[in-house]
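In the numbering used here, the protein residues as written are 1423 to 1802.
Rendered as structure tokens:
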């Protein structure tokens, strides 16, 4: 009887202990139930930011160790122009102990995004540098750092990071980007009137990428600044041979330099060389037409303008030049026929440039898109 009582009491005690641990386990599981967090992710994917924000806020109330939920709360705040509050949320996370490297990187990445939104690019740079220390092979972080460095106009650092990316992915050499960053290093020297030093850097850019157009242009400009017109003409001619489709960017410079050298007639040979390599080059064609016009060789000018019209039916430039020529020659009948044909043409003209990445438009050719920071992306 006594033995049975002891067995009974032990059984009751065991049940109490089992219930205690089960109840504790149940409460812990309840506190870390991911359902609310999952609902937040689902709402975010569906574009329901307000609902996602509420779910993530509930999730961190239930489980304060849910770092990703905190990060997403901050990201939503930033999205709705509350980057200062987002930064506060994300910076608080940096003070936590015992975080894994992956979590630290995600936090620092979010902090960098907050600073970028606040236009504090130096602080964004610092955050990204810290993140990259944790994982130097992360291409996404390195690319983001490159964009921040471009905002800061730190061409040297941008060049170094791009070189690093090239080593991480040998198939992505990035010669075009590297050459543009090198060009900007040289341009800084050019702007400070250190023309010789600038030329050395520009030539490095060309060695990286033979098609680095701005490097050729500014080498020529540096020679002009030193009154070395022959050298400028030679460099611009080299550019035309390397990248004939970009010749429009130096034709006017060449005309002016050749005129001052008393060699204006050489422009016709240059234009013919361009057309032999790039038959549809409208700028060379129009320049050649204008050359014949100035010499009074109107029939040759008309011939080139008509070819330009045929090759570029969307452009009014050859049409307008031809109309002006008919006025000069007082050929009213041909002028009337030409004006009648204008109404049949499409109303577009290819003046100006646009970024082929983000479609940002500019009246001038520029070498770094101010909108998306893409290098050498402007086309007509």
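Beta carbons are placed, not taken as given, at the ideal position from N, Cα and C, and that holds for glycine.
Nothing here was measured: the structure is a model prediction, and the numbers come from that model.
Going by DSSP, residue 1776 is part of the beta strand (DSSP E) stretching over 1775-1777. In this structure, DSSP gives residue 1581 a helical state, which the three-state scheme calls helix. Of all C-beta pairs linking the region 1460-1467 to the region 1478-1495, three or more are shorter than 8 angstroms, placing the two stretches in contact.
Among the bridge pairs identified by DSSP, residue 1784 is matched with 1775.
Taking a cut-off of 8 angstroms on C-beta distances, the region 1649-1669 touches the region 1690-1703, as three or more cross pairs fall below it. DSSP places residue 1738 in the coil class of the three-state scheme, outside both helix and strand. Inter-residue distance for residue 1493 and residue 1469 is about 17 angstroms (C-alpha atoms, whole angstroms). Within 10 angstroms of the beta-carbon of residue 1637 lie 16 or more other beta-carbons, which makes it buried. With respect to the C-alpha of residue 1596, the residue from 1792, 1786, 1634 having the closest C-alpha is 1634. When secondary structure is reduced to three states using DSSP, residue 1636 falls in the helix class. A contact between stretches requires three or more CB pairs, one per stretch, nearer than 8 angstroms, and the region 1750-1764 fails this requirement with the region 1772-1783. Residue 1562 and residue 1645 have their alpha carbons spaced roughly 40 angstroms apart. Taking the CA atoms as reference points, residue 1603 sits about 18 angstroms from residue 1618. For residue 1539, the enclosing alpha helix (DSSP H) has its first and last residue at 1523-1539. Annotation: the continuous alpha helix (DSSP H) that includes residue 1553 extends over 1543-1556. Residue 1791 and residue 1801 have their C-alpha atoms some 11 angstroms from each other. By the criterion of at least three beta-carbon pairs nearer than 8 angstroms, the region 1586-1593 is not in contact with the region 1613-1632. A direct Cα-to-Cα measurement between residue 1752 and residue 1661 gives close to 39 angstroms. Under the DSSP assignment, residue 1714 falls in the alpha helix (DSSP H) whose first and last residues are 1704-1716. The residues 1605, 1608, 1609, 1612, 1620, 1624, in chain order, have a CB closer than 8 angstroms to that of residue 1640 in the same chain once the five nearest residues on each side in sequence are set aside. Going by C-alpha positions, residue 1653 is about 26 angstroms away from residue 1711. In this structure, the CA atom of residue 1719 is about 15 angstroms from the CA atom of residue 1686. Fewer than three pairs of CB atoms, one per stretch, sit closer than 8 angstroms, so the region 1783-1790 makes no contact with the region 1542-1559. Counting along the chain, residue 1599 sits inside the alpha helix (DSSP H) bounded by residues 1597-1613. DSSP places residue 1790 within a strand segment (E or B) once states are collapsed to three. Here residue 1797 carries a strand assignment [DSSP, helix/strand/coil]. Cβ atoms of residue 1547 and residue 1515 stay farther apart than 8 angstroms, at about 19 angstroms. For the 8 angstroms CB-CB criterion, residue 1598 and residue 1797 form a contact.
Between the C-alpha atoms of residue 1655 and residue 1674 there is a straight-line separation of about 11 angstroms.
Excluding sequence positions up to five before and after residue 1627, its CB lies within less than 7 angstroms of the CB of 1601, 1604, 1605, 1608, 1634, 1637, all in the same chain and listed in chain order.
A check of alpha carbon separations from residue 1679 across 1717, 1704, 1643, 1510 identifies 1643 as the nearest. Of the candidates 1732, 1581, 1553, 1567, the residue whose Cα lies closest to the Cα of residue 1630 is 1581.
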